[in-house]
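In the working numbering, the protein residues as written are 32 to 434. Even for Gly, the Cβ is constructed at its ideal location relative to N, Cα and C. Heads up, the thing below is written out as structure tokens.
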């Protein structure tokens, strides 16, 4: 039986902290969705909160799908799409009769809504929002789900998918920013990413680069069910599969170099990656040459922020991004499930509690243990803002905590 998308995502989370077809014209977008009232509770503190205390909370009662902090605003997808100021003031809210499934914030906000019913889904649609007003919506034909969209300068891309990861049977759509359906082409169950003027679609046994008009620029047949797109630098695109990082020509897909590493993160001209034997590497993105390497007790995909490389599972190690020197380390009882970092703090969710450390020296700033009606609450989003840590729980609660 084909492996399911949810099973794959679960496995990746615990382990780490497309053939072209003919392109044809299609119809337009669906009418705007009917909206309904959403039941929520927002609470703000009446006295200034101390570090580690909630500045405000938002209770939705629905498991969240997305948390995005951009340009000083917090976007939260749950029973509705919420746009909030840092003080918790609601700027706008978009509600529909379907649950929010994904959220992408660009110049506009793009949200997919629908009902998940394994292995497929019902009533999925993509909505383009401006200040909470729906500009247009796009619905797939028949039953099934829609992917999270990928947004380019003049195009919006979205694909059908279901819970079984397969190499065919789905459709990729190219839409104008006005919502018109411009082209479509067959694909497998994809993850979509836009970098510059290139759309990348990764799905089982395939990694494909498309031009904005839907023309296939190149495709790679790969081993394994999962391809991880890493990024683009100069004339190279980077992707990992089967424990190997590949540098591919952006114009033709030809392999320029490869290295047996995983969990790569691209920052500037440097790729930070890990090996199976517990080594962190900094690689020159143009050549793959090792700039430095450092052995650490446990490895996971690196998190890079403001000159620090954070890596590890139960043992978290902070390295200097320039030379790999160990700056500090911390031992957890269990492996973190969600992490985030900026110039001031490193935050990690570990078995029902949020731990926040000083990025400079690793000292524990505070620990937040939410009081919820479950023994093991699950984090569904973790993000950092100016002087704040935002934590979304599976119970439908969003916390804004003083950093």
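As summarised for the region 318 to 406, the continuous beta strand (DSSP E) elements at least 3 residues long and confined to that stretch are 321 to 326, 334 to 336, 339 to 342, 346 to 351, 357 to 362, 369 to 372, 376 to 381, 384 to 389, 395 to 399, given in chain order. In this structure, the straight-line span from the alpha carbon of residue 163 to that of residue 125 is close to 5 Å. DSSP places residue 251 in the strand class (E or B) of the three-state scheme.
Among the bridge pairs identified by DSSP, residue 229 is matched with 226.
If you ignore the 5 residues before and after residue 221, its C-beta comes within less than 6 Å of the C-beta of 190, 232, 234, all in its own chain and listed in chain order. In this structure, the CA atom of residue 242 is about 46 Å from the CA atom of residue 401. In its chain, beyond the 5 residues on either side, 174, 175, 176, 193, 194 have a beta carbon closer than 8 Å to the beta carbon of residue 151. Nearest Cα to residue 284 within the set 266, 297, 274, 304: 266. Counting the other Cβ atoms within 10 Å of the Cβ of residue 237 gives 16 or more, which makes it buried. When DSSP states are grouped into helix, strand and coil, residue 105 belongs to the strand group. Residue 81 is not bridged by DSSP to any residue. Residue 268 and residue 287 have their C-alpha atoms some 10 Å from each other. For the pair residue 74 and residue 411, the Cα-to-Cα distance works out to about 20 Å.
Taking a C-beta distance under 9 Å as the contact criterion, residue 279 and residue 304 do not qualify as a contact pair.
For residue 132, the uninterrupted beta strand (DSSP E) segment begins and ends at 130 to 136. Of the candidates 416, 363, 421, 368, the residue whose Cα lies closest to the Cα of residue 395 is 363. For the beta strand (DSSP E) assignment, the uninterrupted runs of no fewer than 3 residues enclosed by the region 127 to 213 are, from N- to C-terminal side, 130 to 136, 140 to 148, 151 to 161, 164 to 170, 186 to 192, 201 to 207. Residue 287: member of the beta strand (DSSP E) spanning 286 to 290, first to last residue. Burial is judged here by how many other beta carbons sit within 10 angstroms of a residue's own beta carbon; residue 138 has fewer than 16 and is exposed.
Judged by DSSP in its simplified three-state form, residue 281 adopts coil rather than helix or strand. With 16 or more other Cβ atoms from the protein chains shown falling within 10 Å of its own Cβ, residue 171 counts as buried. Taking a contact as a CB-CB distance under 8 Å, the pair residue 299 and residue 332 does not count as one, their CB atoms being some 18 Å apart. The beta carbon of residue 425 sits closer than 6 Å to those of 94, 409, 411, all from its chain and outside the five residues before and after it, given in chain order. C-alpha of residue 101 to C-alpha of residue 153: approximately 30 Å in a straight line.
Rounded to the nearest angstrom, the gap between the Cα atoms of residue 306 and residue 197 is 28 Å. Here the alpha carbons of residue 135 and residue 168 stand approximately 14 Å from one another.
A direct Cα-Cα distance of roughly 10 Å separates residue 368 from residue 413. Taking C-beta atoms as the reference points, residue 259 and residue 270 count as a pair closer than 9 Å. The beta-carbon separation of residue 281 and residue 253, rounded to 17 Å, does not stay under the 8 Å limit for a contact.
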